[in-house]
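A.B. asks:
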Ligand SMILES: Cc1cc2nc3c(=O)[nH]c(=O)nc-3n(C[C@H](O)[C@H](O)[C@H](O)COP(=O)(O)OP(=O)(O)OC[C@H]3O[C@@H](n4cnc5c(N)ncnc54)[C@H](O)[C@@H]3O)c2cc1C
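Residue numbers (the working numbering): 22 to 428.
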C-alpha cells in the first residue's frame with residue numbers, strides 16, 4: 022500500500038498529480054508499471070477516496086471510455102452487475118409532439134453507452150492506482166502552491182513541505198485553485214440551475230431507455246438502471262432547489278412520475294437526493310511551463326450530454342501517451358514539445374463539445390417564444406434527417422461504428 026501519512030517527502034518524482042478524483046486517478050493508472058515515479062496528492066481523507074460513497078451520479082460511459090478503462094485494467098474491477106446498458110434515448114420538447122430518438126442496432130452493438138455509479142468508477146480507479154509500485158498517494162494534505170521553471174517544477178503542501186518533479190498535472194476540479202494560482206484564466210458559465218438526482222424504483226419497465234424532457238421551466242431526465250430502477254435527474258432554477266430537495270418523498274415521486282406522463286407507473290424513492298449546482302468551465306489554455314490541466318480543471322462540462330468524465334478520460338489518455346513516448350525516447354517528459362502536443366489535441370477534442378453543449382443547453386432551457394420555435398425545428402430536422410442523427414449519435418456515444426440506427 023502506497024498511502025503515506027505524516028511522513029517527510031524529501032524525494033522528487035517524475036510526475037505529481039494534484040487531485041485523486043476520476044481524472045487524476047485515471048491519469049495515474051495510465052502510468053502504472055511505466056518507468057516513472059508518480060505522486061498523487063489528495064486533500065481529502067484516505068477513507069473518502071478508498072471507499073467512495075454513492076454520490077447520486079450514474080456516469081454514462083461511451084464506447085471509447087469503456088476501451089480506455091479496459092486498457093487501464095480498471096473495467097474488470099467494476100462490479101459488472103451494477104453496469105446498466107443504455108439501449109435507447111428519447112428527447113422530448115415541452116408538451117409538443119417534437120421528439121428525437123436514438124437507438125442502438127441490436128445486431129451490431131448492444132448499447133448506446135453504459136451507466137455506471139460514479140463511486141464504483143472511483144473505487145476501481147483507486148484500487149488500480151493504489152496497488153501499483155510506481156504510484157504513491159498522499160491524503161489529508163492539499164497542494165498550496167505550484168512553482169515551475171524550465172528546469173524543474175515544485176509543489177508546496179499545506180504542511181509546508183516542498184516536493185519537486187519534472188511535470189505537475191492538476192486535476193483539482195472545475196473550481197481549480199491551482200489553475201487560478203498558475204495564472205490560467207477560464208471561461209465560466211453559471212447556468213443558475215441546480216441538478217437534483219435520486220434513485221427511484223417504478224412499476225413498469227423502462228426498456229433501458231433514457232428520457233430527456235425539456236419541459237418549460239425545468240428539465241427532467243430518466244437514466245435506466247438494471248431492473249425497474251432509474252435515476253431521476255431534475256434540473257431547476259437555483260431558487261427552487263431547496264424546495265425540491267426538501268420535498269416530501271411521496272410528493273417528489275408523484276411529480277416525477279407525472280413528468281414522464283405516468284409511463285413508468287408509480288415511483289418510490291430508494292436513494293438519497295443529491296444536488297449539483299451547474300457551472301461550466303473552459304480553461305483558456307491547458308498547459309504552462311512543466312504544468313498541465315486535465316479533467317474538469319481543464320474542461321468542466323454541463324452534464325446534459327454526459328461527457329465530462331468521458332472527455333477527461335480522453336484528455337488524460339492523450340497526455341499519458343505523449344509522456345510515455347517522451348520517456349521511452351529518453352526525452353524530457355515535461356518539455357514544451359510534449360505539452361504542446363497534448364494541448365493541441367485536447368483543444369481539438371473539447372472545444373466544439375463544450376461550446377456546442379452550452380449552446381444546446383441555452384436553446385433548450387430558454388422558454389421565450391422564438392427559442393421554443395427554433396428548438397422544435399431543430400428536433401424535427403435532426404429526427405427526420407438520418408445523416409444528422411447518425412452524426413449526433415456517433416459523437417455522443419463515441420462509437421466508431423456507423424451501426425447506430427436512427428429510429
Ligand atoms: C450531476 C452530474 C452528472 C454527471 N454525469 C456524467 C456522465 O454521465 N458522464 C460523464 O462522462 N461525466 C459526467 N459528469 C461529469 C463527471 O462527474 C466529472 O467530469 C468528473 O467527476 C470530474 O472528475 P475530476 O477528477 O476532474 O474532478 P473532481 O471529481 O472534482 O476531483 C477533484 C479532486 O481534487 C481534489 N483537490 C482539489 N483541490 C486540491 C488541492 N489543492 N490539493 C489536493 N487535492 C485537491 C478534490 O478533493 C477532489 O478529490 C457528471 C457530473 C455531474 C455533476
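Positions of the beta carbon are idealized from the N, C-alpha and C atoms, including for glycine.
I need the DSSP call for residue 107, collapsed to helix, strand or coil.
C.D. replies: strand
A.B. asks: Note the first and the last residue of the continuous alpha helix (DSSP H) segment covering residue 51.
C.D. replies: Residue 51: member of the alpha helix (DSSP H) spanning 43 to 51, first to last residue.
A.B. asks: Taking the alpha carbon of residue 335 as the reference point, which residue from 34, 45, 36 has its own alpha carbon closest?
C.D. replies: Closest in alpha carbon position to residue 335, among 34, 45, 36, is 45.
A.B. asks: Given residue 144, which residues of its chain have a CB within under 6 Å of its CB, disregarding the five upstream and five downstream residues?
C.D. replies: Within the same chain, Cβ atoms closer than 6 Å to the Cβ of residue 144 are found at 73, the five residues on either side in sequence being excluded.
A.B. asks: Nearest by alpha-carbon distance to residue 298: which of 308, 262, 363 is it?
C.D. replies: It is 262 whose Cα lies nearest to the Cα of residue 298.
A.B. asks: I want to check one thing, is the minimum distance from the CB of residue 216 to the heavy atoms of ligand 1 below 7 Å?
C.D. replies: For residue 216, the shortest separation between its Cβ and any heavy atom of ligand 1 lies below 7 Å.
A.B. asks: Confirm the yes/no value for this check: CB of residue 167, any heavy atom of ligand 1, distance under 7 Å.
C.D. replies: Answer for residue 167: no, Cβ out of range of ligand 1.
A.B. asks: Relative to the alpha-carbon of residue 181, which residue among 88, 326, 164 has its alpha-carbon at the smallest distance?
C.D. replies: 164
A.B. asks: For the beta strand (DSSP E) containing residue 260, list its first residue and its last residue.
C.D. replies: Note, residue 260: premise wrong, no beta strand (DSSP E); alpha helix (DSSP H) at 259 to 267.
A.B. asks: Going by DSSP, name the residue or residues bridged to residue 297.
C.D. replies: 216
A.B. asks: Less than 8 Å between the C-beta atoms of residue 290 and residue 221, yes or no?
C.D. replies: yes
A.B. asks: Quick one: which unbroken alpha helix (DSSP H) runs of 4-plus residues sit fully inside the segment 178 to 257? Chain order, please.
C.D. replies: 198 to 202
A.B. asks: So, are the CB atoms of residue 105 and residue 147 less than 8 Å apart?
C.D. replies: no
A.B. asks: Leaving out five residues before and five after residue 264 in sequence, what residues of the same chain have Cβ atoms less than 6 Å from its Cβ?
C.D. replies: none
A.B. asks: With DSSP run on the structure shown, which of helix, strand or coil describes residue 430?
C.D. replies: Here the chain covers residues 22 to 428 and nothing more, so residue 430 does not appear.
A.B. asks: Which residues mark the beginning and the end of the alpha helix (DSSP H) in which residue 333 is found?
C.D. replies: Run containing residue 333: 329 to 349, per the alpha helix (DSSP H) assignment.
A.B. asks: If you drop the 5 nearest sequence neighbours on each side, which residues of the same chain put their C-beta closer than 6 Å to that of residue 343?
C.D. replies: 359, 362, 363
A.B. asks: Taking 7 Å as the line, does the beta carbon of residue 39 fall inside it for any heavy atom of ligand 1?
C.D. replies: yes
A.B. asks: If you draw a straight line from the C-alpha of residue 380 to the C-alpha of residue 40, how long is it?
C.D. replies: Straight-line spacing of the CA atoms in residue 380 and residue 40 works out to 30 Å.
A.B. asks: Run the CB neighbour count on residue 337, radius 10 Å, all protein chains shown included, and call it buried at 16 or more, exposed below.
C.D. replies: buried
A.B. asks: Hey, would you say the C-beta of residue 81 is under 7 Å away from at least one heavy atom of ligand 1?
C.D. replies: yes
A.B. asks: Grouping DSSP H, G and I as helix and E and B as strand, with all else coil, what is residue 306?
C.D. replies: coil
A.B. asks: Between the Cα of residue 93 and the Cα atoms of 152, 66, 140, 124, which residue gives the shortest distance?
C.D. replies: 152
A.B. asks: With H, G and I counted as helix, E and B as strand and the rest as coil, what does DSSP make of residue 70?
C.D. replies: helix
A.B. asks: State yes or no: is the C-beta of residue 202 within less than 8 Å of the C-beta of residue 36?
C.D. replies: no
A.B. asks: Short check: CB of residue 70 to CB of residue 140, under 8 Å?
C.D. replies: no
A.B. asks: Have a look at residue 22 and residue 34 and give me their C-alpha separation to the nearest angstrom.
C.D. replies: For residue 22, the predicted model reports a pLDDT of 42, less than 50, meaning its position is unreliable and no value from the coordinates is stated.
A.B. asks: Give, in chain order, every unbroken run of the beta strand (DSSP E) that is at least 3 residues long and sits entirely within the segment 121 to 165.
C.D. replies: 134 to 138, 156 to 159
A.B. asks: Looking at C-beta atoms only, is the number of pairs between the segment 350 to 357 and the segment 233 to 247 that lie closer than 8 Å three or more?
C.D. replies: no
A.B. asks: Assess contact between the segment 224 to 236 and the segment 83 to 100, defined as three or more Cβ pairs (one per stretch) separated by less than 8 Å. Is contact present?
C.D. replies: Counting C-beta pairs with one atom in each stretch, the segment 224 to 236 and the segment 83 to 100 have fewer than three that are closer than 8 Å, which means they do not touch.
A.B. asks: Would the beta-carbon of residue 43 be found less than 7 Å away from any heavy atom of ligand 1?
C.D. replies: For residue 43, the CB falls within less than 7 Å of some heavy atom of ligand 1.
A.B. asks: Do you know how far the Cα of residue 196 is from the Cα of residue 64?
C.D. replies: 14 Å
A.B. asks: Give the range of the alpha helix (DSSP H) segment to which residue 101 is assigned.
C.D. replies: That residue, residue 101, is in no alpha helix (DSSP H); it is neither H nor E in DSSP.
A.B. asks: Quick one: does the C-beta of residue 164 sit closer than 7 Å to a heavy atom of ligand 1?
C.D. replies: yes
A.B. asks: Give the straight-line distance between the Cα atoms of residue 128 and residue 110, rounded to the nearest whole angstrom.
C.D. replies: Note that residue 128 scores a pLDDT of 40, beneath 50, so its modelled location is shaky; the value from the coordinates is reported in the next line. Taking the straight line joining both Cα atoms gives about 18 Å.
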